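Participant: Quick one: this structure, given as C-alpha cells, is what I'll be asking you about.
Numbering (my numbering), first residue to last: 36 to 205.
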C-alpha cells in the first residue's frame, strides 16, 4: 500500500508517472529478493535516477493518450464506429501493457528507456501469457478505480507488484 501511495505522490505531475512506477517496481523487486532497505529513501533515489529518460517516455505517453482521445471522438462520428471503437480500445490496452512492461524492464536494470521498449515488446511476444496476466491486472486496476475513485491513490502498488511478478516468470 505504501508503494502505491509513493507512486501516486510522485505521479502528480502526469509526465513523472513512468519514473515513479519504475521506482515502485524496483522497490517491490528489492523486497521480493529480500534486500531490506528503507522504502522511502530508496524509492526517491530510484525516482531521481529514472527521471532523466522517464520524463521523455512520460511525455510521449501523454501525447499518445491525447491522440487516442481525439481518435476516439473522430471514430464515434464515423459509419463503422461499432467495429473501430473496440479496436481502438484493444490497441490502447496493448499500449498500456507495453508501457507497464517497459517500466518493469527499466526497474529490472535496463538503463536505456529506448532499449527497454524493445525488450518489453520481445518479452511480451515471447511470453504472451505473462502479457495477458499483466493486462488482467491492469484491467482490474481500472475497474477498481472506476468503482471507488479513492483507490487511485494505492492501485499503482499492486499493479507494480503484478509487473514485477510477471516479469520474473520465465
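C-beta atoms are modelled at their ideal positions from N, C-alpha and C, and glycine is treated no differently.
If you're wondering where the values come from, they're calculated on a predicted model, not measured in any experiment.
#1: Thinking C-alpha only, which one of 159, 151 and 190 is nearest residue 85?
#2: Quick one: any contact between the segment 132-142 and the segment 51-62, if contact means 3 or more CB pairs under 8 Å?
#3: With a threshold of 9 Å between beta-carbons, can residue 83 be considered close to chain C, or not?
#4: Put residue 146 into one of helix, strand or coil per three-state DSSP.
#5: Taking the alpha-carbon positions, what's the residue 116 to residue 123 distance?
#6: Taking the continuous alpha helix (DSSP H) assigned at residue 172, which residues delimit it?
#7: Taking all protein chains shown into account, decide if residue 38 is buried (16 or more other Cβ within 10 angstroms of its Cβ) or exposed.
#8: What would DSSP say about residue 202, mapped onto helix, strand or coil?
#9: Please state whether the Cβ-Cβ distance between residue 45 and residue 79 is less than 9 Å.
#10: Since residue 43 and residue 188 are thought to touch, with beta carbons under 8 Å apart, how far apart are those beta carbons, to the nearest angstrom?
#11: If we count the other Cβ atoms within 10 Å of its Cβ and call it buried at 16 or more, is residue 134 buried or exposed?
Facilitator: Considering the structure as presented:
#1: 151
#2: yes
#3: In the structure shown, chain C cannot be found, because there is only a single protein chain.
#4: coil
#5: 10 Å
#6: 163-182
#7: buried
#8: DSSP, reduced to helix, strand and coil, places residue 202 within a helical segment of the structure shown.
#9: Cβ distance < 9 Å, so residue 45 and residue 79 count as in contact.
#10: Between residue 43 and residue 188, the beta carbon gap of about 5 Å places them in contact (Cβ cut-off 8 Å).
#11: Of the other Cβ atoms in all chains shown, 16 or more fall within 10 Å of the Cβ of residue 134; this residue is therefore buried.
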